[in-house]
Amino acid sequence: MDILTLVGLLAGIVILVLAMLANASLLTFLNLPGLAIVVGGTLAVTLIKFRLATVMSAFRLAMTAAFTDRVARPADLVREVGRLAQVVRKEGILGLENHTTGDPFLRKAINLCVDGHPPELVEEALAQDTQQTQERYEVAERVFRGIGDSAPALGMLGTLVGLVQMLNTLDDPSSIGPAMAVALLTTLYGAFIAQMIALPLADKLQLKAEDEVRNQVLITTSMRNILRGDNPRVMTELLSSFVVPEHRTGLAPEREG
Amino acid sequence: MDILTLVGLLAGIVILVLAMLANASLLTFLNLPGLAIVVGGTLAVTLIKFRLATVMSAFRLAMTAAFTDRVARPADLVREVGRLAQVVRKEGILGLENHTTGDPFLRKAINLCVDGHPPELVEEALAQDTQQTQERYEVAERVFRGIGDSAPALGMLGTLVGLVQMLNTLDDPSSIGPAMAVALLTTLYGAFIAQMIALPLADKLQLKAEDEVRNQVLITTSMRNILRGDNPRVMTELLSSFVVPEHRTGLAPEREG
Amino acid sequence: MDILTLVGLLAGIVILVLAMLANASLLTFLNLPGLAIVVGGTLAVTLIKFRLATVMSAFRLAMTAAFTDRVARPADLVREVGRLAQVVRKEGILGLENHTTGDPFLRKAINLCVDGHPPELVEEALAQDTQQTQERYEVAERVFRGIGDSAPALGMLGTLVGLVQMLNTLDDPSSIGPAMAVALLTTLYGAFIAQMIALPLADKLQLKAEDEVRNQVLITTSMRNILRGDNPRVMTELLSSFVVPEHRTGLAPEREG
Amino acid sequence: MDILTLVGLLAGIVILVLAMLANASLLTFLNLPGLAIVVGGTLAVTLIKFRLATVMSAFRLAMTAAFTDRVARPADLVREVGRLAQVVRKEGILGLENHTTGDPFLRKAINLCVDGHPPELVEEALAQDTQQTQERYEVAERVFRGIGDSAPALGMLGTLVGLVQMLNTLDDPSSIGPAMAVALLTTLYGAFIAQMIALPLADKLQLKAEDEVRNQVLITTSMRNILRGDNPRVMTELLSSFVVPEHRTGLAPEREG
Amino acid sequence: MDILTLVGLLAGIVILVLAMLANASLLTFLNLPGLAIVVGGTLAVTLIKFRLATVMSAFRLAMTAAFTDRVARPADLVREVGRLAQVVRKEGILGLENHTTGDPFLRKAINLCVDGHPPELVEEALAQDTQQTQERYEVAERVFRGIGDSAPALGMLGTLVGLVQMLNTLDDPSSIGPAMAVALLTTLYGAFIAQMIALPLADKLQLKAEDEVRNQVLITTSMRNILRGDNPRVMTELLSSFVVPEHRTGLAPEREG
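Chains as they are written, first to last, in the working numbering: chain A, 1 to 257; chain B, 1001 to 1257; chain C, 2001 to 2257; chain D, 3001 to 3257; chain E, 4001 to 4257.
Here it is in structure tokens:
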């Protein structure tokens, strides 16, 4: 559970709502036609730009990537593959068969090794998977950056529509203020969707993509070492560069008695 | 038929029209001189920037790319070339002659093979075709991005012209509002053309270019394998990386009895 | 004569002038001090940014590149070098001496061949020429993009000057409107120069550079083939990738009886 | 102590405060809800974009990088490694053991050499450290550029909220001015945070990263030379390209008597 | 003396001053607190972004690069190194010792040759010098682009401060205009500094860097040829690609009688 995404999102909304309540009722900031222009229009533009399937898989990925924390910490992974290397030294490759792991990429890597495929094929298959992971994240990031571009533009379109309507009915001076307030609301909605939701989620997707790809490269590297029969301690030493310095203590597996 | 482009476009227009009708008649939003400035001016600028032939072929490509769905799904292509590989194994290259396919690039590839050209020449000819496909899409994308740049600029020019006219005739206060509304309309037109039509179409062209190029690379790769006499199942295995994971079941051709 | 550049430019101006005349006299839109700020200021800034010689050669190149159509069509070039290859096959290299061509680059290439220079030197000399062509276009494009950056900035400077002047003389309310109209004119001038002239010309220069460089590469490639003594029909086949598919019929030279 | 960062920051604030005091009390420029929107909102967005640990380590790095001057001058480093090379020539690698240095990277390099690791391993370990230094700076720079993007956006959001509130309460004309002033304050806060703090710090981080990486490359290069047993004077000559010309006198170690 | 930089700068200022004088006294456009915010604030931000030494050397380089014309014309350089090559042919490398040249880089190249260093070392030393020239220009360009970014931002900050002050003192309607005029002045200052001074100087620095680096590459290339003992006429032929076509006549040294 990546609690901070939720905390950030809620904190941003709470701060904004409190500021809105300072001098007016929340209803002042609600305008359904305006919401329809910005949200509906952004959705319409997004459907022109991308495929429906692409948009939906982008939203699914954003949910899991932004709100959960399923990406393992590199230090834990280094320890886990260190234990795997010790198992292989003692029992051979087939000893891996009984290892249970929470990481689906590591599971696939182990399966490929246990199935007896040659090392180059294992490495190529894992590399292809990593590339697809990267592309899936990139497309999702592109969808959210696209929303972050379109929402403020639709907001401006809505404000222009509102201004034109207001300017054509200037007869009643007392209505100018509220009409203009309503016109500005779409700009507010567009800026909010872009700046508080779409663009931060795109940045988070980029960060998570970097993390997940780094973990997959770590696993691929360790599998190469294990299949080559490297010493577990030497392998751990090499993999330590994937771990931030503060977490590097206690990475090495205990010496095989 | 890529129905979503049309749905998105219509949805965007309907939402906007409904918002316009909320407080005013649609006629309020129609200003023919303003439309002439934005549409005519953008067209004029586009003619300076590009050649007439380039602009027209960009529009044609955008129509087919955005509104039709002629790009085959990779999974179908993998199955089709899998069957081709089986045919070649049984009957030799000339067995391909009777194969009918809906994909013009695959048709060309088959013709080149059947004509007995050496493999390197087949591959080079197909690679040249792919490069031209890519360039044709890129030029079309550039045309639409150019329109997406020029339309808002022309809209602003129109608004400036309207503002100057209005400011010179301030005598009648009651006319200020409507005159300013008319001035703002060109900005509205420019933003609409750029944000709802030109830029989303440019993005769609980019997406379709990626799809079509990926398909052509898939076909070129498979032809190389077929001419080399690779095992159909091994080839399918290799090509599966072109297919998203969810569609990978049932790719391999049935085992030759 | 690249008539479309002129048509586009005139059409843009006509549309804008008609829109101006709709509600006011053209004189309303003429403000000499404002023109002096935008045109003079942009020129001044351009002189700081570039050298006088650079600016002048950029303007000369823009004139020939934007308003004339001296770049040959690739299909015509392929036919011409096809004929040259046939001549060389019959009469040897010296047979080229009598060939008259409208393309200065092809002329130079022929001269280099006839002079008996070794093939590598011919190719290197032509490649150097192509690089210089490219650099000359790039500098010219940079000059026009620079004007496209500076003109709107100078326009905004002029509007700020006008606003400050107006705000200091608010005593006479009836003068506010016209004074603000005058202030806005410099923004209008800047946007017009950038969006209708400088930036489209920069784009056209980019397009023409691509065309001219592609032609020169085509000629250099064909000269390599001719000096190597390749079969004219094979050479034409190879060069056909420089030609858009629609124009590829009838490229090959008639078979030598 | 990089005193100039502090001087610049204080000077900027003093100038702005003096300008504020010119015509109004400082209290006019204080609006706590506005501050909450901009500072709180930017923090919330930053927490969505990055991890809490990332943000905190970015702030820590910015403090040390911007306000201290711990990066050694290249000239001093060249002199120090020159002396080390002389020591190694006289006493062998183990002679380095007694050398005390203020630079932690040089300390690590010496330790690796003294521990008797092979030269390639020493170089690879140092190169990995340099890469991590670079990545740590890059992430910190990204955090501050992100703040520089979000703060003005949040400022605009706050101003829109304030404008909508004001426009709904136009009854009392005398309150319009102050209400609008308050609405503008969030834009002011956002621009101040971005332009005077976040973006300059991001630039400074970039500069310091370049300095620190250059020093680490210098040290890695010198260690390679020392382990190869190069002549100290020749090594100094080679390293002099890391030093700006003005500081190059007296780099070479004194000739070993 | 690069007179055009000065002419451009003065012309820009004169045009702007004349426009200011058109409807108001120059004093209207002078606001010392506003100047302090923009100039002082930009300076403060620049000190945070860069080091004091960096900023000062950037200003020094901008002065010499923008206002003097010390970069030699390539045609003159080609003639000079052509004469050097003839000298070396007749008298050997040591014959260069008496050659006096105005170009410091050529002087250094000659000294390196005369000192009897091996050709590779001469070339490497010159290449290092060229890289440092390029880096010095790039840092200076970055400083001026930084100023061009900060000045308008500070101008906007100043205008916001002025607007807030004005909006809080709306009691006296007659003061609104002048107060708003003063507020706009900082935006004017910021735009002027960025658009008329900082950004054009950055562009000029880029241009001069390209010229100087091209000259240094020309000299390095010629030294390689001279040390290899190439024929002076052949060398001149090769170097002619550094010279624009119009200046290529008379490059070759007279034939050694």
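All residues carry an ideal CB built from backbone N, CA and C; glycine is no exception. Treat the numbers as computed from the prediction; the structure is a model and nothing was measured.
Quiz item: Does any C-beta atom of chain B lie closer than 9 Å to the C-beta of Thr-130(A)?
Solution: For the purposes of this step, residue 130(A) is taken as residue 130 along the first sequence, with counting starting at 1. Output row for Thr-130(A): interface = no.
Quiz item: If Leu-2061(C) sits next to Tyr-2137(C), beta carbons under 8 Å apart, how far is it from one beta carbon to the other, in whole angstroms?
Solution: Counting from one through the third sequence, the residue named residue 2061(C) turns up at place 61. Counting from one through the third sequence, the residue named residue 2137(C) turns up at place 137. 7 Å between Cβ atoms; contact.
Quiz prompt | Nearest-angstrom Cα separation, counted from Ala-2065(C) out to Leu-2006(C) | solution = Mapped onto the third sequence, residue 2006(C) falls at position 6. Mapped onto the third sequence, residue 2065(C) falls at position 65. Taking the straight line from one Cα to the other gives about 12 Å.
Quiz item: If you measure from the beta carbon of Lys-3204(D) to each beta carbon in chain E, is any gap under 9 Å?
Solution: For the purposes of this step, residue 3204(D) is taken as the residue at position 204 of the fourth sequence. Closer than 9 Å to some Cβ of chain E, the Cβ of Lys-3204(D) qualifies, so yes.
Practice problem: Evaluate contact between the segment 1223 to 1240 of chain B and the segment 1067 to 1085 of chain B, counting only Cβ atoms and requiring at least three cross-stretch pairs below 8 Å. | Solution: yes
Quiz item: With a Cβ-Cβ cutoff of 9 Å, do Gly-4146(E) and Phe-4059(E) count as a contact?
Solution: Position 146 of the fifth sequence, counted from the first residue, corresponds to residue 4146(E). Position 59 of the fifth sequence, counted from the first residue, corresponds to residue 4059(E). No; because the gap between Cβ atoms is not below 9 Å, this pair is not in contact.
Quiz item: Is the number of C-beta pairs between the segment 1040 to 1055 of chain B and the segment 2189 to 2208 of chain C that are closer than 8 Å three or more?
Solution: yes
Quiz item: Which bits of chain B does Leu-163(A) rub up against, with CB to CB less than 7 Å?
Solution: Against the first sequence, residue 163(A) aligns to sequence position 163. Below the 7 Å Cβ cutoff, chain B contributes Leu-1184 as neighbours of Leu-163(A), in chain order.
Quiz item: Who are the Cβ neighbours of Val-4139(E) in its own chain at under 7 Å, not counting the five residues just before and after it?
Solution: Counted from its first residue, the fifth sequence places residue 4139(E) at position 139. Once the five neighbours on either side are set aside, the close Cβ partners of Val-4139(E) are Thr-4054 and Ala-4058.
Practice problem: Taking the CB atoms as reference points, tell me whether Ala-4183(E) and Thr-4159(E) lie closer together than 9 Å. | Solution: One-based indexing of the fifth sequence puts residue 4183(E) at position 183. One-based indexing of the fifth sequence puts residue 4159(E) at position 159. Yes; because the gap between Cβ atoms is below 9 Å, this pair is in contact.
Practice problem: Work out the CA separation of Asp-4115(E) and Asp-4103(E) for me, nearest whole Å. | Solution: Here the question's residue 4103(E) lines up with position 103 in the fifth sequence. Here the question's residue 4115(E) lines up with position 115 in the fifth sequence. For the pair Asp-4103(E) and Asp-4115(E), the Cα-to-Cα distance works out to about 18 Å.
Practice problem: Evaluate Lys-1090(B) with the Cβ neighbour count: other Cβ atoms within 10 Å of its Cβ, from every protein chain shown; 16 or more gives buried, anything less gives exposed. | Solution: What you label residue 1090(B) is simply residue 90 of the second sequence in a count that begins at 1. The Cβ neighbour count for Lys-1090(B), taken over all protein chains shown within 10 Å, is under 16; the residue is labelled exposed.
Self-check item: As assigned by DSSP and simplified to three states, the class of His-4247(E)
Solution: By one-based count along the fifth sequence, residue 4247(E) stands at place 247. Note: His-4247(E) maps to helix in three-state DSSP.
Quiz prompt | Ala-1019(B) versus Ala-1191(B) - alpha carbon distance | solution = Translated into positions along the second sequence, residue 1019(B) becomes position 19. Translated into positions along the second sequence, residue 1191(B) becomes position 191. C-alpha separation (whole angstroms): 16 Å.
Practice problem: Determine the chain C residues that contact Leu-4188(E) at a beta-carbon separation under 8 Å, and present them in chain order. | Solution: Against the fifth sequence, residue 4188(E) aligns to sequence position 188. Result: Leu-2157, Leu-2160, Val-2161 and Val-2164.
Exercise. Just mark Thr-1028(B) as buried or exposed, buried being the case when its beta carbon has 16 or more other beta carbons within 10 Å.
Key: Translated into the one-based positions of the second sequence, residue 1028(B) becomes position 28. Label assigned to Thr-1028(B): buried.
Quiz item: If we call anything under 9 Å between Cβ atoms a contact, is Leu-1004(B) one with Val-1017(B)?
Solution: Within the second sequence, numbered from 1, the residue matching residue 1004(B) stands at position 4. Within the second sequence, numbered from 1, the residue matching residue 1017(B) stands at position 17. With contacts defined as CB atoms closer than 9 Å, Leu-1004(B) and Val-1017(B) fail to qualify as a contacting pair.
Quiz item: Hey, out of Arg-70(A), Met-56(A), Leu-30(A) and Val-81(A), whose CA is closest to Asp-2(A)'s CA?
Solution: Against the first sequence, residue 2(A) aligns to sequence position 2. Nearest C-alpha to Asp-2(A): Arg-70(A).
Quiz prompt | Test item: CB-CB of Leu-2096(C) and Leu-2077(C) under 9 Å | solution = As a first step, residue 2096(C) is located in the third sequence; it is residue number 96 there, counting from the start. As a first step, residue 2077(C) is located in the third sequence; it is residue number 77 there, counting from the start. Going by C-beta atoms, Leu-2096(C) is not nearer than 9 Å to Leu-2077(C).
Exercise. Report yes if the C-beta distance between Val-4244(E) and Gln-2216(C) is below 9 Å; otherwise report no.
Key: By one-based count along the fifth sequence, residue 4244(E) stands at place 244. By one-based count along the third sequence, residue 2216(C) stands at place 216. Not in contact: Val-4244(E) and Gln-2216(C) (Cβ atoms no closer than 9 Å).
Exercise. Taking only beta-carbon positions, decide if Thr-3005(D) is within less than 9 Å of chain E.
Key: Taking the first residue of the fourth sequence as 1, we reach residue 3005(D) at position 5. Chain E, which has a Cβ nearer than 9 Å to the Cβ of Thr-3005(D), makes this yes.
Quiz item: Can you name the residues of chain C whose CB is closer than 9 Å to the CB of Ala-1264(B)?
Solution: Residue 1264(B) lies beyond the stretch modelled for chain B, which goes from 1001 to 1257, so this question has no answer here.
Quiz item: Quick one: does Thr-4054(E) have its CB under 9 Å from some CB of chain D?
Solution: The residue labelled residue 4054(E) in the question sits at position 54 within the fifth sequence. Closer than 9 Å to some Cβ of chain D, the Cβ of Thr-4054(E) qualifies, so yes.
Quiz item: Just how far apart, CA to CA, sit Ala-2075(C) and Thr-68(A)?
Solution: Taking the first residue of the third sequence as 1, we reach residue 2075(C) at position 75. Taking the first residue of the first sequence as 1, we reach residue 68(A) at position 68. Using only the alpha carbons, I get a separation of about 59 Å.
Quiz item: Mapping DSSP to helix, strand and coil, what is Val-71(A)?
Solution: As a first step, residue 71(A) is located in the first sequence; it is residue number 71 there, counting from the start. It is coil, neither helix nor strand.
Quiz item: Considering Val-2945(D), what are the terminal residues of the alpha helix (DSSP H) in which it resides?
Solution: Residue 2945(D) falls outside the range modelled here, since chain D spans only 3001 to 3257, and no answer is possible.
Quiz item: Would a C-beta distance cut-off of 9 Å place Thr-4186(E) and Leu-4126(E) closer than the cut-off?
Solution: For this step, residue 4186(E) is matched to residue 186 along the fifth sequence. For this step, residue 4126(E) is matched to residue 126 along the fifth sequence. Against a cut-off of 9 Å, the Cβ pair of Leu-4126(E) and Thr-4186(E) comes out as no contact.
Quiz item: Of all the options Gly-3034(D), Leu-3043(D) and Leu-3030(D), which has the alpha carbon lying nearest to the alpha carbon of Ser-3150(D)?
Solution: The count along the fourth sequence starts at 1 and reaches residue 3150(D) at position 150. For Ser-3150(D), the nearest C-alpha among the options comes from Leu-3043(D).
Quiz item: When we look at the beta-carbon of Asp-4008(E) and count the other beta-carbons within 10 Å, is it buried (16 or more) or exposed?
Solution: The residue given as residue 4008(E) occupies position 8 in the fifth sequence. The question names Asp, yet the displayed sequence has Gly at residue 4008(E). Flag for Gly-4008(E) reads buried.
Exercise. Please list the partners that Phe-1192(B) has in chain A, where partner means a Cβ-to-Cβ separation under 7 Å.
Key: Position 192 of the second sequence holds residue 1192(B). Under the 7 Å cutoff, chain A gives Leu-157.
Quiz item: Would DSSP call Glu-3256(D) helix, strand or coil?
Solution: Against the fourth sequence, residue 3256(D) aligns to sequence position 256. Bear in mind that the predicted position of Glu-3256(D) carries a pLDDT of just 48, short of 50, making it too unreliable to give a figure here.
Quiz item: Closest Cβ-Cβ distance between Lys-49(A) and chain B: below 9 Å?
Solution: One-based indexing of the first sequence puts residue 49(A) at position 49. So yes, Lys-49(A) belongs to the interface.
Self-check item: Contact with chain E by Ser-3174(D), beta-carbon distance below 9 Å
Solution: Within the fourth sequence, residue 3174(D) is the residue found at index 174, counting from 1. With 9 Å as the cut-off, Ser-3174(D) counts as an interface residue toward chain E.
Quiz item: When you compare only the Cα positions, how much space is there between Glu-4210(E) and Arg-1142(B)?
Solution: Looking up residue 4210(E) in the fifth sequence gives position 210. Looking up residue 1142(B) in the second sequence gives position 142. Taking the straight line joining both Cα atoms gives about 29 Å.
Quiz item: With burial defined as no fewer than 16 other Cβ atoms inside 10 Å of the residue's Cβ, what is the status of Leu-1251(B): buried or exposed?
Solution: Along the second sequence, one-based indexing puts residue 1251(B) at 251. That one is buried.
Exercise. Figure out for me which residue from Leu-121(A), Gly-162(A) and Asp-172(A) has the closest Cα to the Cα of Ile-37(A).
Key: Residue numbering aside, residue 37(A) sits at position 37 when the first sequence is read from its first letter. Of the candidates Leu-121(A), Gly-162(A) and Asp-172(A), the one whose C-alpha sits nearest the C-alpha of Ile-37(A) is Gly-162(A).
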